[in-house]
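K.L.:
Residue numbers (this note's numbering): 22 to 350.
#1: Between the C-alpha atoms of residue 282 and residue 269, what's the straight-line distance to the nearest angstrom?
#2: First and last residue of the alpha helix (DSSP H) that includes residue 51?
#3: Which residues bound the beta strand (DSSP E) around residue 109?
#4: Among 339, 183 and 220, which residue has its Cα nearest to the Cα of residue 272?
#5: Using only CA atoms, which one of 28, 163, 73 and 314 lies nearest to residue 125?
#6: Using only the alpha-carbon positions, how far apart do residue 115 and residue 201 sit?
#7: Determine the extent of the alpha helix (DSSP H) in which residue 312 is found, giving its start and end residues.
#8: With DSSP run on the structure shown, which of helix, strand or coil describes residue 127?
#9: With burial defined as no fewer than 16 other Cβ atoms inside 10 Å of the residue's Cβ, what is the status of residue 127: buried or exposed?
#10: Using only alpha-carbon positions, find the residue among 32, 52, 45 and 34 that is nearest to residue 205.
#11: Expressed to the nearest angstrom, what Euclidean distance is found between the alpha-carbon atoms of residue 193 and residue 74?
#12: Do the CB positions of residue 97 and residue 140 come within less than 9 Å of each other?
#13: Pull up the distance between the alpha-carbon of residue 291 and that of residue 279, whole angstroms please.
#14: Return the CA-CA distance between residue 153 and residue 197, expressed in angstroms with no decimal places.
#15: Spatial neighbours of residue 173 within its chain, please: C-beta separation below 8 Å, excluding the five flanking residues on both sides.
#16: Please give the ranges of any beta strand (DSSP E) in the region 184-223, keeping only runs that are unbroken, at least 3 residues long and fully inside the region.
#17: From this set, 285, 36 and 177, which residue's C-alpha is nearest residue 232's C-alpha?
#18: By how many angstroms is the C-alpha of residue 100 removed from the C-alpha of residue 265?
#19: Using the C-alpha atoms, what's the distance from residue 129 back to residue 122?
#20: Do you know offhand how far residue 337's Cα is from residue 288's?
#21: Grouping DSSP H, G and I as helix and E and B as strand, with all else coil, what is residue 348?
#22: Whole angstroms is fine: what's the gap from residue 84's alpha carbon to residue 78's?
#23: Tell me the DSSP bridge mates of residue 139?
#24: Can you tell me the Cα-Cα spacing of residue 76 and residue 321, whole angstroms?
#25: In its own chain, which residues sit with a C-beta less than 8 Å from the C-beta of residue 148, not counting the 5 before and 5 after it?
#26: Which residue's Cα is closest to the Cα of residue 323: 246, 261, 293 and 39?
#27: Let me know if residue 120 comes out buried or exposed under the rule of 16 or more other beta-carbons within 10 Å of its beta-carbon.
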């Protein structure tokens with residue numbers, strides 16, 4: 022564990038507040054979505070975002086990159102997208118002086134710090150796997166050579182929940198690679214009025230840089246050192262274990278869940294709770310942090326059964342029942 026100076030910790034926490042303020046100048050409404058996105062970034066994970074078109078998902082990610090002074094790229098996933106279109110490929114070049122021909126690796130768009138993978142479920146599984154492997158390994162291996170990705174490396178993948186024809190849904194094992202799933206809903210009437218007025222007049226300004234890449238890397242280190250008591254670690258683990266129908270005592274889980282979350286969900290829940298605690302200026306995790314992170318962490322890791330889908334029982338309802346019944350010692 023790193024020995025942190027109080028002055029540095031206070032400075033880093035102030036930078037988080039500045040980051041939220043910078044994004045609030047650009048993003049109208051969606052306060053919870055912005056907080057979850059920053060939480061995911063501080064936790065060093067990747068985010069899966071679901072929402073209908075036109076809700077500002079691209080602006081959201083672009084603004085985050087601007088506010089943290091990171092390089093940003095966007096890839097529109099399509100059914101004909103190949104793995105080499107994402108990770109890169111080798112090209113044959115000729116040295117004009119020696120006339121020798123050599124292969125040189127040309128980096129793909131994944132070599133960036135913030136990558137928006139738009140509508141990831143439209144690309145074929147081979148291309149999805151190439152991106153997800155890069156996300157996990159933080160490197161690309163091509164022709165026996167390993168190429169490290171920049172640090173930090175943050176992927177935000179979007180899915181459109183209303184158009185599933187001709188798509189390739191991500192398997193559960195690949196969904197597990199995302200730290201959080203963030204649902205973007207419609208804005209309120211006042212927010213939508215403000216949004217329409219701002220974007221049809223002078224347009225929205227870019228987000229101002231609120232922290233450097235070096236500060237962000239230090240914040241990601243600090244998140245790992247946020248305190249969490251053994252009781253809360255056990256509580257988080259019990260919540261995850263209680264999603265498994267075979268060993269759960271929660272009736273909502275037994276009746277409506279077909280497959281529960283694995284141990285990686287417990288790691289994600291604790292890490293996301295640490296990031297949320299820091300987001301709120303605290304250096305220790307509380308039960309409220311774990312409760313707030315339960316849905317974003319488990320929504321894509323817990324599978325409803327046919328009965329739940331037929332009855333229209335949402336994952337959120339099941340997790341609320343779970344939270345009511347599982348207690349802290």
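Ideal Cβ positions, reconstructed from N, Cα and C, are used throughout, including at glycine. All of these numbers come straight from a predicted model, not from anything done at the bench.
P.N.:
In short, the structure shows the following:
#1: 12 Å
#2: Run containing residue 51: none; DSSP gives neither H nor E here.
#3: 109-115
#4: 339
#5: 163
#6: 46 Å
#7: 308-319
#8: strand
#9: exposed
#10: 52
#11: 24 Å
#12: yes
#13: 24 Å
#14: 10 Å
#15: 62, 65, 91, 134, 234, 237, 238 and 241
#16: 201-204
#17: 36
#18: 35 Å
#19: 22 Å
#20: 20 Å
#21: coil
#22: 10 Å
#23: 97
#24: 21 Å
#25: 98, 102, 103, 104, 106 and 107
#26: 261
#27: exposed
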